[in-house]
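*Asks:*
Laid out in structure tokens, this is it:
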């Protein structure tokens, strides 16, 4: 398998597990609504040899306790080898495997890890995100190979804040302060359109209607759209002016 075909490590989705005594800290990958660890990290978690972990994982799959294709994935991982930083594809195992191994080795840390993982996944399901506050407050320094995703997190937050629905909700909150606010009136919808047009005009010099008229082109790939939902352009996509913006224009539009 080539590096190009490997699933990419979850961007910015890392959470840190710490034991109650603080003597052990393990970085877990978060993807597909579950947690993932490589073999070496599982061995470190349960304080056993990597060879023992290998045997337990092999037995779990051979016994049919878990399905390997659904609980095992390769990810690119940055490693420090001497003075070099290299990328290695490393097999990672899902939370189901991690807990199954913990039961077999009869480690007291299985309970601690299960409680922490349950809380982490619950936070994701309820809030829609998981954050490692301590890691974000204390970024890596010096020659550390641990990636810092703080900047990317800010970019993602900016993109979320600039979404059509988020802008509408923010404008509605402000507009609701007016004594004569009535959400069902056409004036309310018209006011939102005016605000959207002002944002478009600020970064392109054109209103939403002018953008669509100028940039929609059936002769171009994807009708000239630069972004749209799903794998195919739909009618609902071509009438949204934001879908025609270049990346630089999107950045300008999102800038506070």
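Residue numbers (our numbering): 1421 to 1676.
Where a beta carbon is used, it is the ideal one built from N, C-alpha and C, also for glycine.
Mind checking which residues open and close the beta strand (DSSP E) that includes residue 1648?
*Replies:* Run containing residue 1648: none; DSSP gives neither H nor E here.
*Asks:* At which residue ranges does the stretch 1451 to 1500 contain complete alpha helix (DSSP H) runs of 4 or more residues, listed in the order of the chain?
*Replies:* Here the runs fully enclosed are 1459 to 1466, 1470 to 1482 and 1488 to 1491.
*Asks:* Determine the closest residue to residue 1576 out of 1547, 1529, 1671 and 1456, with distance taken between C-alpha atoms.
*Replies:* Ranking the options by Cα distance to residue 1576, first place goes to 1671.
*Asks:* State the start and end residues of the unbroken alpha helix (DSSP H) segment that holds residue 1523.
*Replies:* Segment 1515 to 1525, the alpha helix (DSSP H) holding residue 1523.
*Asks:* Indicate whether at least one CB of chain D lies closer than 7 Å to the CB of residue 1511.
*Replies:* Although the question refers to chain D, the structure presented lacks it and comprises just one protein chain.
*Asks:* I'd like the list of long-range same chain contacts for residue 1617, defined as Cβ closer than 7 Å, with 5 residues on each side in sequence excluded.
*Replies:* Around residue 1617: 1627 and 1628.
*Asks:* Mind checking residue 1514: buried by the 16 CB within 10 Å criterion, or exposed?
*Replies:* Buried.
*Asks:* Where does residue 1607 fall in DSSP's three states?
*Replies:* In the structure shown, residue 1607 sits in a helix (DSSP, three-state: H, G or I).
*Asks:* Go ahead and label residue 1580 buried or exposed: buried means 16 or more other beta carbons lie within 10 angstroms of its beta carbon, across all protein chains shown.
*Replies:* It counts as exposed.
*Asks:* Apply the 10 Å Cβ neighbour rule to residue 1437 and answer buried if 16 or more other Cβ atoms are within range, or exposed otherwise.
*Replies:* Buried, since its Cβ has 16 or more Cβ neighbours within 10 Å.
*Asks:* In the structure shown, what three-state DSSP assignment does residue 1627 receive?
*Replies:* It is coil, neither helix nor strand.
*Asks:* Bridge partners for residue 1435 per DSSP, in chain order?
*Replies:* In DSSP, residue 1435 forms a bridge with 1448.
*Asks:* Relative to the C-alpha of residue 1453, which candidate in 1598, 1586 and 1542 has its C-alpha closest?
*Replies:* The shortest C-alpha separation from residue 1453 is found at 1542.
*Asks:* Under the rule that 16 or more other beta-carbon atoms within 10 Å means buried, what is residue 1533, buried or exposed?
*Replies:* It counts as buried.
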